[in-house]
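Asks: There's a structure below that I have some questions on.
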Amino acid sequence: MSPAPIHVIGGGLAGSEAAWQIAGTGVPVILHEMRPVRGTDAHHTDGLAELVCSNSFRADDWTSNAVGLLHAEMRALDSLIMACGDAHQVPAGGALAVDRDGFSAAVTHRLSTHPLVRIERSEVAGLPPEDWDSVIIATGPLTSPALAQAIQGLTGEDELSFFDAIAPIV
Ligand SMILES: Cc1cc2nc3c(=O)[nH]c(=O)nc-3n(C[C@H](O)[C@H](O)[C@H](O)COP(=O)(O)OP(=O)(O)OC[C@H]3O[C@@H](n4cnc5c(N)ncnc54)[C@H](O)[C@@H]3O)c2cc1C
């Protein structure tokens, strides 16, 4: 018997990495990304892992910098984001900066050609259906209003917060 798929909502940096890591364990994934059917205020393309602002992944020195150490740990774990970032690096001193278009195209290609990953281009406009056994919500700071309102209703929170300094977050 093959395992039930894990649903990942949001094909940004976090959702793309999550889908890749799950598929790497032999479990099928359905990745739900609403672009281009529905856009956000910051994204301009339909590519997965689109960088909406800076193209820098910051310092890449694992010996003296916590961000660089995180890079090294992600590389050791076969990170899709790091592999595509390394392949599309542009000069930026000691930082890892990437060609945003090449980077996003590479992530999109790797996931769309993975035999265990299916990409659904539609908005999840509310709480996930009951029959989705396992779900990761990785919709980032620009979560569509319908899903954000559903999460607010479920949690009873008045507002949802996004902590930019520790983004991206699964
Ligand atoms: C204007 C702006 C500028 C930023 N600048 C920086 C910066 O310079 N440096 C930095 O580190 N961070 C920056 N950030 C934060 C940045 O968004 C995160 O670092 C990073 O993109 C977070 O990754 P993520 O995967 O969590 O979210 P995202 O990359 O935003 O991915 C979320 C995905 O979910 C999709 N989605 C949303 N709702 C739904 C739904 N209901 N159904 C299906 N799909 C959905 C979206 O289309 C998107 O593709 C910025 C954010 C904004 C809004």
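To convert, count from 1 in the sequence shown and add 52; that's our numbering. Yeah, the Cβ is synthetic: ideal placement off N, Cα and C, and Gly gets one too.
Is DSSP giving residue 127 helix, strand or coil here?
Replies: Your numbering for residue 127 matches position 75 in the sequence shown. In the three-state DSSP reduction, residue 127 falls in the helix class (H, G or I).
Asks: Compute the distance between the beta-carbons of residue 71 and residue 81, then report whether it is under 7 Å.
Replies: Counting from one through the sequence shown, the residue named residue 71 turns up at place 19. Counting from one through the sequence shown, the residue named residue 81 turns up at place 29. Taking 7 Å as the Cβ cut-off, residue 71 and residue 81 qualify as a contacting pair.
Asks: Check residue 54 in the structure and name its three-state DSSP category.
Replies: Working through the sequence shown from its first residue, we reach residue 54 at position 2. The answer is coil: DSSP assigns residue 54 none of H, G, I, E or B.
Asks: What does DSSP give as the partner residues of residue 186 in its beta bridges?
Replies: Counted from its first residue, the sequence shown places residue 186 at position 134. 58.
Asks: If you drop the 5 nearest sequence neighbours on each side, which residues of the same chain put their C-beta closer than 7 Å to that of residue 131?
Replies: Your numbering for residue 131 matches position 79 in the sequence shown. Same-chain partners within the cutoff: 69.
Asks: Can you grab the Cα-Cα spacing for the pair residue 57 / residue 186, in whole Å?
Replies: In the sequence shown, residue 57 corresponds to position 5, counting from 1. In the sequence shown, residue 186 corresponds to position 134, counting from 1. C-alpha separation (whole angstroms): 8 Å.
Asks: So, helix, strand or coil for residue 108, using DSSP?
Replies: Position 56 of the sequence shown holds residue 108. Looking at residue 108 - three-state DSSP - the assignment turns out to be strand.
Asks: Step through the CB atoms of chain B and report whether any lies within less than 7 Å of the CB of residue 78.
Replies: Note that chain B does not occur in the displayed structure, where there is just one protein chain.
Asks: Name the residue from 164, 89 and 126 whose alpha carbon lies nearest to the alpha carbon of residue 83.
Replies: Mapped onto the sequence shown, residue 83 falls at position 31. Nearest C-alpha to residue 83: 164.
Asks: So, helix, strand or coil for residue 144, using DSSP?
Replies: Taking the sequence shown and counting its residues from 1, one reaches residue 144 at position 92. Three-state result, residue 144: coil.
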